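Chains as they are written, first to last, in our numbering: chain A, 8 to 409; chain B, 8 to 409.
Written as structure tokens, this is what we have:
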């Protein structure tokens, strides 16, 4: 009564996810990990959230345990709409769909917009989870280079012209304008305006992933959605500011897209968690949400400073890295001939430190070999200098061994 | 700065979901609805669940608010494995994937197993949500008739032979053996054994949807997964026994499939809710889960009896209906020339009662016009006789008007 399942399953399955490898590194005991993109729940206002959760279950027990409407509760979408309006982002409740985190929002938009053989544009490098999602469809992914000022609008214009000559019209551009994953860079305001001008001219839909948008310092730059409401789908999440364990995010698109997404949603996980919606609103009402965001910002600022200081002290002289104004990440470029991917097993085993090699973030796996992402979101300030020093030791010794 | 989104979106989108129409009927004020498949949260042990939730957030706050591993926590899969073993269902932790409800489990298995142009077998009629999911891929869906004893194994054998002559090998059979949605019928034990024999002979993977399996009376029949562990993917959910608002379900497949599903899962909503896993286990440990299942069983038995009594009293003489031993549904066949779909708007507006027309549950929309699904899960016993009487009035008057 055995069955040959491997023979029964389609042979075109994408390779096992890079995320699995990252989670495995994270779980290796005794390794100081700069690899994952997880928030530090030790900094969460857990006791206050627990009190709010108790109140939700006591006052709204039956509703919070029942199915939610597929797009999310109307009152929750109104709450999101008001929250986004405070940042100048226009999104009516009918344009909002509540999702199981930002990744599901991206997957649902892809299911609504993509068909096999389509083409899409992403930043190079970009969020590796988005690349993994795009491999499911499958589509051809074109990378547009990112520098310290974010996505290059000039390069985007060139790429659009080149693709048009080949008869290719990309379905959308996926971009992370704020504290980008993995580079930590932020798209400058002139480039935002130039990008929106191009998107309008080319009728190119833009997917704006804002996972880290509220975790920055100083006055935030205008969202692409604020500059170009009709052409931008905004992807948001509570995973970095509130509680990823609740699975709560959203998308704000034009109503035509929101409607299609809801139709698909009904055929996948049906609806978002009711309890999560009740709890997030209760924590907002009680001021817990904004207080926690402030706490997270402060912690990230300290960790960022400690990381940049340690990099200046311990990295080989020829190495370069980005200087983020918010978010989780800095992006390190090693001098040749170092290869961040080939060095990783050695660094983990010998120096007990982990990072994500740069190649994982490129649509073409051949790119980014000298680069790596450091995430300081989960590493305490006191541990950072020693961790970066150990990284520096590994890289210096690899350099001197050449 | 407007954009023509309808022109930018693919033109092959499936029609707007039937589920949306059902939810709309449910929300119409003053209508007694036998339409939806929702549990009655008024019967939930909400105060006890609230106490367990408080304890989880107090004792496991940071972990329950953090991301979960993509397949679900190891300890939660061990808990599921033990729970399933008590029902004779073999499922090792490495074969289990925790999902956002049973619908997501089905969607993930479809994403792992189906490619455009594939063929699948389902019961006719079957769960309309599964039909909507299959339309997303898209695949050709073949319906195998269901009668009072469940899926017809003879008919399945005929269909498999007929398809083979056409060079078609279905990717899987999707079946709901217990208290089937929509008919309420249960696959008999001889037919289970015959079905498993056929599945083995034809190397046909079976997807066993057990949404209602714990909501029956008397000793349960052996699960297909228990009879044929290597060939059956078992789809389970907490939505009907615990709390749909937490979005918690699972699948138990062979390890090859579970691994592929986890890879896809990382590219959609990444992981199940950590809080939901903590809360479900806490409620099991405290005896709340099994107690609540007993409460739900008792309530459903009373509602079932009231529904069958009222049908005998108020339906036109030529009408027929099924006699479920558990679950939510009875399936009514009206005498010709009545058309349940055409009558529905009249019944809702005039008699203020709602049901789901039978055609929604068939792969071929032309089928099932004389049939309809009544769900008694959300209707209180005291309301049932009057509701069914109003249905009877509508049908009798339509019959006498012919």
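Backbone N, C-alpha and C fix where the C-beta goes; we use that ideal spot for every residue, glycine too. Please read all numbers here as calculations on a predicted model, not as lab measurements.
- Bounds of the beta strand (DSSP E) holding residue 213(A) are 213–216.
- By the 16-neighbour rule on beta-carbons within 10 angstroms, residue 382(B) is buried.
- Of the other Cβ atoms in all chains shown, 16 or more fall within 10 Å of the Cβ of residue 131(A); this residue is therefore buried.
- DSSP places residue 126(A) in the strand class (E or B) of the three-state scheme.
- With distances taken between CA atoms, residue 358(A) lies nearest to 37(A) out of 37(A), 11(A), 15(A).
- Between residue 266(B) and residue 79(B), the beta carbon gap of about 14 Å keeps them out of contact (Cβ cut-off 8 Å).
- Beta-carbon to beta-carbon, residue 109(A) and residue 246(A) are separated by about 6 Å, close enough to satisfy the 8 Å threshold.
- When the Cα atoms are used, residue 268(B) and residue 117(B) turn out to be separated by approximately 9 Å.
- Boundaries of the alpha helix (DSSP H) harbouring residue 82(A): 81–92, taken from the DSSP string.
- Contact with chain B is absent for residue 135(A), since none of that chain's Cβ atoms lies less than 8 Å from the residue's Cβ.
- Along the segment 265–280 of chain A, the positions whose C-beta sits under 8 Å from a C-beta of chain B are 266, 267, 269, 270, 271, 273, 274, 275, 276, 277, 278, 279, 280, read in chain order.
- Judged by DSSP secondary structure, residue 154(B) falls within the beta strand (DSSP E) whose first and last residues are 147–154.
- Under the criterion of beta carbons closer than 8 Å, residue 322(A) and residue 399(A) qualify as touching, at roughly 5 Å.
- Using a Cβ distance threshold of 8 Å, residue 252(A) and residue 244(A) do not count as a contacting pair.
- The C-beta of residue 51(B) comes closer than 8 Å to at least one C-beta of chain A.
- Around the beta carbon of residue 10(B), 16 or more other beta carbons lie within 10 angstroms, which makes this residue buried.
- Residue 132(B) carries a coil assignment under DSSP once its states are collapsed to helix, strand and coil.
- From the beta-carbon of residue 65(B), the residues of chain A found nearer than 7 Å are 57.
- For residue 338(A), the closest Cβ of chain B is not nearer than 8 Å.
- Fewer than three pairs of CB atoms, one per stretch, sit closer than 8 Å, so the segment 385–399 of chain B makes no contact with the segment 157–170 of chain B.
- Neighbourhood of residue 60(B) in chain A, by CB distance below 8 Å: 60, 61, 64, in chain order.
- Counting along the chain, residue 381(A) sits inside the beta strand (DSSP E) bounded by residues 378–382.
- Near chain B, meaning a CB-to-CB distance below 8 Å, the residues of the segment 229–242 of chain A are 235, 236, 237, 238.
- Among the residues facing chain B, residue 289(A) is not included, as its CB has no counterpart in that chain under 8 Å away.
- One thing to note: residue 319(B) has its Cβ no nearer than 8 Å to the Cβ of residue 350(B).
- At a cut-off of 8 Å between beta-carbon atoms, residue 219(A) makes no contact with chain B.
- The continuous stretches of beta strand (DSSP E) do not include residue 209(A), and DSSP gives it neither H nor E.
- Residue 220(B) sits buried, since 16 or more C-beta atoms from the chains shown fall within 10 Å of its C-beta.
- Taking the beta carbon of residue 299(B) as reference, no residue of chain A falls within 9 Å; the closest one sits roughly 10 Å away.
- For residue 355(B), same chain residues with a beta-carbon under 8 Å away, outside a window of 5 residues either side, are 32, 35, 38, 361 in chain order.
- Between residue 122(B) and the set 139(B), 113(B), 144(B), the nearest pair of CA atoms involves 144(B).
- Close CB contacts of residue 159(B) within its chain, under the 6 Å cut and outside five residues either way in sequence, are with 152 (chain order).
- Under the three-state reduction of DSSP output, residue 40(A) falls in the strand class.
- The residue from 222(B), 183(B), 238(B) with its alpha-carbon nearest to that of residue 209(B) is 238(B).
- With a threshold of 8 Å between beta carbons, residue 282(B) makes contact with chain A.
- The way I'd put it, the segment 48–56 of chain B doesn't touch the segment 299–307 of chain A; fewer than three beta-carbon pairs between them come closer than 8 Å.
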